[in-house]
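Trainee: Please see the structure below; I have some questions.
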Amino acid sequence: MMAYGGNPYNPTLKPYPNFNPDQDCEKLRKAMKGVGTDEKAIIDVLAHRTADQRVQIVKKFKTAYGKDLIHELKSELTGHFEEVIVAMCYTLEEFDARELRRAMEGAGTDEQTLIEILCSRSNAQIRKIKEVYHSIFSGRDLEKDLMNETHGHFKRILISLAQANRDENPNVDMNAVNADVHALYEAGEKQLGTDESTFNRILVSKSEAHVRAVINAYGSVSKKDFEDALKSEMSGDLLKAFLSISESLFVFPFIYGSTFLFGPEISFRLNSCS
4 MMAYGGNPYN
14 PTLKPYPNFN
24 PDQDCEKLRK
34 AMKGVGTDEK
44 AIIDVLAHRT
54 ADQRVQIVKK
64 FKTAYGKDLI
74 HELKSELTGH
84 FEEVIVAMCY
94 TLEEFDAREL
104 RRAMEGAGTD
114 EQTLIEILCS
124 RSNAQIRKIK
134 EVYHSIFSGR
144 DLEKDLMNET
154 HGHFKRILIS
164 LAQANRDENP
174 NVDMNAVNAD
184 VHALYEAGEK
194 QLGTDESTFN
204 RILVSKSEAH
214 VRAVINAYGS
224 VSKKDFEDAL
234 KSEMSGDLLK
244 AFLSISESLF
254 VFPFIYGSTF
264 LFGPEISFRL
274 NSCS
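Throughout, my numbering is defined as the position within the sequence shown, counted from one, plus 3.
Okay, structure coming up:
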């Protein structure tokens, strides 16, 4: 059992007990050799290994055959099936970095992807994502890209999150909690208009334990729970971002799953072939 946001959760995919990267690499090589591709064999290997085990397979494949496994998979597969299989071969940080870049390149911006990733990752994860982003995209700076592709208070919250500087003190000072509860109430419901900067400062910079306590205590000053208060004060992407931060503190986000990423039709294909 592991913990996320202070709450225990059980991973749905356990480490494969008889993991042998050499054998897995051979199965994958045979699945892509000759005419046609044995998709079931690919699924049998990659869909039943943890992220760490898949990373080992990618490294071992290149050592054993002098070929890049991800490149080979891209050349053999197509469509959404290719996307989900290739995504499974990246480290979680590289997957996040690539998704962030995809969300900001070309015309328009996929704000929902920016929210889902940056609002639910730890300081350490965001720091690593920034390093990987800089490495694989020819020196691009994640923070600069966020500044160029977003605007307003939504941009401010993303830039704040990208600093990866949230307080990590696990101890909770209830006097400080009560002060922030009142500060949020006064910045929102109590006044005409909303002071978004106060919400940003508290929800992004204070520790997860502190923010969780603030959210739980918000009902002591308002007839609304914290989520309803947010909905009454904000809208659009800014609201989605604050709600995502709040929810990530209480519920383990189902990230990097095939249904989440590519829809139920691809998830069904994976399940039916395994």
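Ideal Cβ placement from N, Cα and C applies to all residues, glycine included.
Considering only the beta carbon of each residue, do residue 184 and residue 223 sit closer than 9 Å?
Mentor: Yes, the pair counts as a contact, with Cβ atoms nearer than the cut-off.
Trainee: Is it the case that the Cβ atoms of residue 75 and residue 35 are separated by a distance below 9 Å?
Mentor: Going by C-beta atoms, residue 75 is nearer than 9 Å to residue 35.
Trainee: According to DSSP, simplified to helix, strand and coil, what is residue 241?
Mentor: Three-state DSSP puts residue 241 in a helix.
Trainee: Is it buried or exposed, residue 209, if we count other Cβ atoms within 10 angstroms and call 16 or more buried?
Mentor: Counting Cβ neighbours within 10 Å, residue 209 comes out buried, since at least 16 surround it.
Trainee: Hey, could you find the ends of the alpha helix (DSSP H) residue 187 is sitting in?
Mentor: Taken as a continuous stretch (DSSP letters only), the alpha helix (DSSP H) holding residue 187 covers 177–190.
Trainee: In chain order, what residues of the same chain have a beta carbon less than 6 Å from the beta carbon of residue 221, not counting five sequence neighbours either side?
Mentor: Excluding positions up to five away in sequence, the list reads 184 and 229.
Trainee: Tell me, to the nearest whole angstrom, how far the beta carbon of residue 31 is from that of residue 72; I am working on the premise that it is less than 8 Å.
Mentor: The pair is a contact, with the Cβ atoms about 7 Å apart (cut-off 8 Å).
Trainee: First and last residue of the alpha helix (DSSP H) that includes residue 123?
Mentor: Per DSSP, residue 123 belongs to no alpha helix (DSSP H) and is neither H nor E.
Trainee: Please report the distance separating the alpha-carbon of residue 191 from that of residue 232.
Mentor: Computed Cα separation, rounded: 8 Å.
Trainee: Could you work out which residue in 65, 33 and 97 is closest to residue 54 when comparing CA atoms only?
Mentor: The candidate whose alpha carbon is nearest that of residue 54 is 97.
Trainee: Mind checking which residues open and close the alpha helix (DSSP H) that includes residue 94?
Mentor: Careful: residue 94 lies outside any alpha helix (DSSP H) and carries neither H nor E.
Trainee: In terms of alpha-carbon separation, which member of 195, 153, 78 and 150 lies closest to residue 38?
Mentor: Looking at the Cα atoms, 78 is the closest of the given residues.
Trainee: For residue 203, count neighbouring C-beta atoms within 10 Å of its own C-beta (all shown protein chains included) and say buried if the count is 16 or more, exposed if not.
Mentor: Residue 203 should be labelled buried.
Trainee: In three-state terms, what does DSSP make of residue 232?
Mentor: DSSP places residue 232 in helix when its eight states are reduced to three.
Trainee: In whole angstroms, what separates the C-alpha of residue 87 from that of residue 163?
Mentor: Going by the C-alpha atoms only, they are around 30 Å apart.
Trainee: In terms of residues, what are the limits of the alpha helix (DSSP H) holding residue 163?
Mentor: Its alpha helix (DSSP H) spans residues 155–165.
Trainee: Using the Cβ count rule (16 or more neighbours within 10 Å means buried), how would you classify residue 66?
Mentor: Burial call: exposed.
Trainee: In the DSSP assignment, the alpha helix (DSSP H) including residue 207 goes from what residue to what residue?
Mentor: Looking at the DSSP string, the run of the alpha helix (DSSP H) that includes residue 207 is 199–208.
Trainee: Return the first residue and the last residue of the alpha helix (DSSP H) that residue 64 is part of.
Mentor: Run containing residue 64: 54–68, per the alpha helix (DSSP H) assignment.
Trainee: Could you compute how far the alpha carbon of residue 29 sits from the alpha carbon of residue 50?
Mentor: Distance between the alpha carbons of residue 29 and residue 50 is about 16 Å.
Trainee: Report, in whole angstroms, the separation of the C-beta atoms of residue 207 and residue 160, which I expect to be a contact under 8 Å.
Mentor: About 6 Å separates the two Cβ atoms, so the contact holds.
Trainee: Measure the Cβ-Cβ separation of residue 252 and residue 205 and say whether it is below 9 Å.
Mentor: Contact: no.
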